[in-house]
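J.:
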Amino acid sequence: MLKRYVEIRDAIKMVQAVEDLVPRPSSHRRIVQLLSKLGDLDSVCVKLQSEELTLADVPVTASYLKADASIVHSPVFERAVVKVQGDRRLQVDEEAAVEPFLVVQPSSARPIKQVDFATATLRQAKKPRHASAQNLLPANFEML
Numbered sequence: 001m002l003k004r005y006v007e008i009r010d011a012i013k014m015v016q017a018v019e020d021l022v023p024r025p026s027s028h029r030r031i032v033q034l035l036s037k038l039g040d041l042d043s044v045c046v047k048l049q050s051e052e053l054t055l056a057d058v059p060v061t062a063s064y065l066k067a068d069a070s071i072v073h074s075p076v077f078e079r080a081v082v083k084v085q086g087d088r089r090l091q092v093d094e095e096a097a098v099e100p101f102l103v104v105q106p107s108s109a110r111p112i113k114q115v116d117f118a119t120a121t122l123r124q125a126k127k128p129r130h131a132s133a134q135n136l137l138p139a140n141f142e143m144l
């Protein structure tokens, strides 16, 4: 919105209906300076959101990325995660820290067959009914 204002300021001054609403020259200079700073901020935000950039590339965050930083709950776990991401070997204590997150590959010895709803229902119908289920047949209700 500020960018658009700066672009059309000269045309706005010629319209009598909004002449009193146009900022004074000192305010206009501050708006132009602010717009310049906002442009710088936008370029930084876009750069930080790029796919190639990681937190390790930003020096300001270095103190927060250490394994022994004050926000780290488990330094051993942090070291293990860094090693896993870098495909490096883990020490025994690091293996224990990431063990709950280990994904076990399912064995391919016998694939599990998917049974559709109709097949499961028909199999249930073939099973013998209990005596209590037999009492619920419509013929028994007609006798009442």
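Take full-length UniProt numbering: the last position of the sequence shown gets the number 144, and nothing is skipped along the way.
All residues carry an ideal CB built from backbone N, CA and C; glycine is no exception.
(1) Could you tell me whether the Cβ atoms of Gln76 and Glu94 are closer together than 7 Å?
(2) Taking the alpha helix (DSSP H) that Ile12 belongs to, which residues open and close that run?
(3) Using three-state DSSP, classify Asp116 as helix, strand or coil.
(4) I need the DSSP call for Thr54, collapsed to helix, strand or coil.
(5) Would you tell me roughly how many angstroms separate the C-alpha atoms of Ile71 and Leu55, rounded to the nearest one?
(6) Measuring alpha carbon to alpha carbon, tell me which of Tyr5, Leu34, Leu35 ends up nearest Leu21.
T.: In short:
(1) Counted from its first residue, the sequence shown places residue 76 at position 76. Counted from its first residue, the sequence shown places residue 94 at position 94. According to the sequence provided, residue 76 is Val. The question's Gln does not apply to it. Contact flag set, yes.
(2) Working through the sequence shown from its first residue, we reach residue 12 at position 12. 2–13 is the span of the alpha helix (DSSP H), which, as asked, contains Ile12.
(3) Reading the sequence shown from its first residue, position 116 is the one you call residue 116. Asp116: coil per DSSP, three-state reduction.
(4) For this step, residue 54 is matched to residue 54 along the sequence shown. Looking at Thr54 - three-state DSSP - the assignment turns out to be coil, as it is neither helix nor strand.
(5) Walking along the sequence shown from the start, residue 71 turns up at place 71. Walking along the sequence shown from the start, residue 55 turns up at place 55. Between Ile71 and Leu55, the C-alpha separation is close to 15 Å.
(6) The residue given as residue 21 occupies position 21 in the sequence shown. For the residues Tyr5, Leu34, Leu35, the minimum Cα distance to Leu21 belongs to Tyr5.
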